[in-house]
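S.K.: Numbers given in our numbering equal positions in the sequence shown, counted from 1, plus 57. C-beta atoms are modelled at their ideal positions from N, C-alpha and C, and glycine is treated no differently. Structure in structure tokens, see below.
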Amino acid sequence: MTTMAATSTPTWTQDGIALVEHRPEGAPTRTAVLLHGIGGNAASCAELGDRLADRGVLAIAWDAPGYGRSRDPRGDVDLVDRLAGAITSRRLGPVDLVGTSWGGVIATVLAHRRPALVRSLVLADSTRGSGTTHDKATAMRDRVTELESLGAEEFAARRAGRLVSPHADDHTAVQVRRQMSRVRVPGYRAAAEFMASTDTGSILSRISAPTLVVVGEDDVVTGVPESRLLAERIPGAQLSIIPRAGHAAVSERPDAMADAITDFWGLTS
58 MTTMAATSTP TWTQDGIALV EHRPEGAPTR TAVLLHGIGG NAASCAELGD
108 RLADRGVLAI AWDAPGYGRS RDPRGDVDLV DRLAGAITSR RLGPVDLVGT
158 SWGGVIATVL AHRRPALVRS LVLADSTRGS GTTHDKATAM RDRVTELESL
208 GAEEFAARRA GRLVSPHADD HTAVQVRRQM SRVRVPGYRA AAEFMASTDT
258 GSILSRISAP TLVVVGEDDV VTGVPESRLL AERIPGAQLS IIPRAGHAAV
308 SERPDAMADA ITDFWGLTS
């Protein structure tokens with residue numbers, strides 16, 4: 058099966074969220090919504106989306122509010138409600154949610170708040186949020202000040218290197234840095250505030266969706282221990298560790314990530 062090219066121009070929801078589709082050839086077997094991390098955008102999920110489409114999945118990557126080609130948020134924004142609205146407005150649910158890092162935290166909260174929308178949950182290099190301790194919450198909010206002070210290019214130059222493993226090729230490292238260099242303050246501020254105010258620890262035991270927790274072996278940002286904790290606390294969750302991959306495993310090892318996810322779904326390549 059070959060993949061049709063993802064639409065170069067996304068479609069938009071009524072509230073300005075851009076959705077980029079990776080369509081399979083023929084009728085899709087299921088629909089997955091891909092949620093990027095705090096330093097990325099829909100393009101961060103492009104290679105994974107293509108590989109899922111190769112296996113018959115309609116993969117839809119969002120640009121979160123204030124990211125990529127989505128509209129910047131004004132004032133307070135409920136990211137979980139915005140995601141739910143994107144799913145329901147397109148009549149997509151229930152969907153398979155695949156969330157990387159911050160995207161996984163949003164996905165976790167949605168799976169708890171609106172379980173009927175979530176067929177399954179994949180948490181890639183994710184976490185409970187930065188609200189687990191005061192210091193982590195403060196550090197997350199301080200990133201916004203750093204971004205405003207440095208500008209996105211220098212911000213990415215200082216931070217993006219930690220997202221990939223020592224095994225990453227130069228092209229991947231450059232792409233990860235380039236995606237981070239495109240973050241905008243309004244979107245990043247909303248994301249950082251969500252992370253700083255969120256600790257999903259109290260809801261993990263109430264997640265009912267079948268769940269896969271997947272993490273790069275060399276992730277030094279959220280780390281394997283945090284992923285183990287998520288897998289231990291979510292009922293029936295499976296854990297998969299991808300070798301030779303860092304925090305940006307979705308970009309660094311998209312084939313291995315797609316294998317782990319489709320094996321979890323019971324699909325054959």
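(1) Does the count of Cβ pairs from the region 305-323 and the region 264-273 closer than 8 Å reach three?
(2) By a C-beta neighbour count over all protein chains shown, 10 Å radius and 16 as the cutoff for buried, is S127 buried or exposed?
(3) Could you give the uninterrupted runs of the beta strand (DSSP E) lying entirely in the region 113-151, keeping only those of 3 residues or more?
(4) Measure the beta-carbon distance from P130 to A313 and round it to whole angstroms, keeping in mind my assumption that it falls under 8 Å.
(5) What residues in its chain sit with their C-beta under 8 Å from that of S65, if we drop five residues either side in the sequence?
(6) Compare the Cα-Cα distances from S183 to each of R200, E210, L220 and R215 and report the closest residue.
(7) Could you check how far apart the C-beta atoms of A168 and G244 are, in whole angstroms? I think they sit under 8 Å.
(8) Locate the alpha helix (DSSP H) running through L210, then write down its first and last residues.
(9) Pull up the distance between the alpha-carbon of G156 and that of S259, whole angstroms please.
(10) Distance, Cα to Cα, T195 vs A253?
(11) CA-CA distance, P300 and A225?
(12) What is the DSSP secondary structure of R176, reduced to helix, strand or coil?
(13) Mind checking which residues open and close the beta strand (DSSP E) that includes V281?
(14) With a threshold of 16 other CB atoms inside 10 Å of the CB of S206, please say whether the residue is buried or exposed.
(15) Do you know whose CA, among G94, G161, R185 and R170, lies nearest R239's CA?
(16) Check the DSSP bridge columns for V162 and list the partner residues they point to.
(17) Less than 7 Å between C-beta atoms, sequence neighbours within five positions excluded: which residues of the same chain meet that for V233?
(18) Suppose you measure from the CA of T59 to the CA of D199; what does that come to, to the nearest Å?
(19) Is T60 helix, strand or coil when you go by DSSP?
(20) Along the chain, where does the beta strand (DSSP E) that runs through S183 open and close?
(21) Check whether the Cβ atoms of W119 and L174 sit closer than 9 Å, and answer yes or no.
(22) Does DSSP classify E82 as helix, strand or coil?
(23) Cβ atoms of V134 and I117: under 9 Å apart, would you say?
(24) Are L178 and I291 close, meaning C-beta to C-beta below 9 Å?
(25) Compute the distance between the beta-carbons of G186 and V162, then report whether it is under 9 Å.
(26) Between which two residues does the beta strand (DSSP E) containing T325 stretch?
(27) Please classify T195: does DSSP put it in a helix, a strand, or coil?
M.R.: Put simply:
(1) Inter-segment contact for the region 305-323 and the region 264-273 is present: three or more beta-carbon pairs are separated by less than 8 Å.
(2) Counting the other CB atoms within 10 Å of its CB gives S127 a total of 16 or more, which places it among the buried residues.
(3) Segments of the beta strand (DSSP E) lying fully in the region 113-151: 114-120.
(4) Contact annotation, P130 with A313: C-beta distance approximately 34 Å; criterion of less than 8 Å not satisfied.
(5) Because the pLDDT at S65 is just 47, under 50, the model does not fix this residue reliably, and the value given afterwards should be weighed accordingly. Once the five neighbours on either side are set aside, S65 has no close Cβ partner at all.
(6) Out of R200, E210, L220 and R215, L220 has the C-alpha closest to the C-alpha of S183.
(7) 23 Å between Cβ atoms; not a contact.
(8) Before going on, a small fix: residue 210 reads as Glu here, not Leu. Residues A209 to R216.
(9) In this model, G156 and S259 are separated by some 19 Å (Cα to Cα).
(10) C-alpha separation (whole angstroms): 7 Å.
(11) If I take the Cα positions, the gap works out to 11 Å.
(12) Strand at R176.
(13) No beta strand (DSSP E) contains V281, which is instead part of the alpha helix (DSSP H) from G280 to R290.
(14) Classification of S206: exposed, given that the 10 Å Cβ count is below 16.
(15) Comparing alpha-carbon positions, the option among G94, G161, R185 and R170 lying closest to R239 turns out to be G94.
(16) Its beta-bridge partners do not exist; DSSP assigns none.
(17) Closer than 7 Å at Cβ, skipping near neighbours: A217, L220, V221, A305 and S308.
(18) For T59, the predicted model reports a pLDDT of 42, less than 50, meaning its position is unreliable; a value from the coordinates is still stated below. Rounded to the nearest angstrom, the two C-alpha atoms are 44 Å apart.
(19) Confidence at T60 is low in this model, with a pLDDT of 42, below 50, so its placement is unreliable and the value that follows should be read with caution. Coil, per DSSP.
(20) Segment: none, S183 is in no beta strand (DSSP E) and carries neither H nor E.
(21) Against a cut-off of 9 Å, the Cβ pair of L174 and W119 comes out as no contact.
(22) E82: coil per DSSP, three-state reduction.
(23) No, Cβ-Cβ distance for I117 and V134 is not below 9 Å.
(24) Contact: yes.
(25) Contact flag set, yes.
(26) Careful: T325 lies outside any beta strand (DSSP E) and carries neither H nor E.
(27) Helix at T195.
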